[in-house]
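Going by my numbering, 571 is the number at position 90 of the sequence shown; the sequence numbering is gapless.
For every residue, glycine included, the Cβ atom is placed at its ideal position computed from N, Cα and C.
Remember, it's a predicted structure, so these values are computed and weren't measured experimentally.
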Amino acid sequence: MGRVTGSVFAVLFLCMCTTIPWYLPFGPSPAEAGGKNTLNLDNKSGEDAIVRVFDEESSRRIAEARVPTGRKHGTSVPDGRYYIVVKYIPQPKQDGKASPTYAKGDPFTIRPPAGKRSVVTITLHKVVNGNYSTVPTDEKAFER
């Protein structure tokens with residue numbers, strides 16, 4: 482009878498383990514592992530861009546995307562407060578040289594209501610007085 486009880490315990494334990502979400506307690510939650518929200522980057526700048534998304538509080542890089550001019554790219558991010566740093570890569574000039582430029586965006590928050598997800602789009606373009614402010618920055622801010 483003890484043998485049967487042991488088997489029942491093993492089966493019960495196995496069933497309990499398979500119903501526990503994969504992220505508890507053995508790893509990050511789905512939001513921490515990539516997120517339930519989508520950040521879309523729409524590049525209308527006329528130059529290819531590499532966009533890095535940083536957590537505002539820790540300055541830790543959350544995501545990175547290469548977005549060719551005229552293209553869109555979506556990436557998954559958890560809830561939080563972020564800023565972007567963009568490296569614009571111009572087309573080479575006749576002499577074959579082209580120096581990248583860098584821009585840092587204002588902080589923004591992604592925090593949908595409970596049980597929901599957000600889809601946020603940032604359009605990359607060089608417009609004076611646009612609705613998402615950026616300031617020139619340098620390679621050091623990009624390479625964090």
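- Remark: C-beta atoms of Phe535 and Val567 do not approach each other more closely than 9 Å.
- Ala595 has its alpha-carbon roughly 33 Å from the corresponding atom of Ala622.
- Relative to the Cα of Gly551, the nearest Cα in the group Arg562, Val558 and Leu605 belongs to Leu605.
- Sequence-distant Cβ neighbours of Glu545 in its own chain, meaning closer than 6 Å and more than five residues away, are Arg533.
- For Val600, the closest of Gly527, His554, Thr582 and Thr618 by C-alpha to C-alpha distance is His554.
- The criterion of a C-beta distance shorter than 9 Å is not satisfied by Tyr563 and Asp529.
- With contacts defined as CB atoms closer than 9 Å, Asp587 and Asn518 fail to qualify as a contacting pair.
- DSSP, reduced to helix, strand and coil, places Ala530 within a strand of the structure shown.
- CA-to-CA, the gap between Val616 and Lys597 works out to about 32 Å.
- Collapsing the DSSP output to three states places Lys578 in coil.
- Residue state for Ala595 is assigned as coil, using DSSP reduced to three classes.
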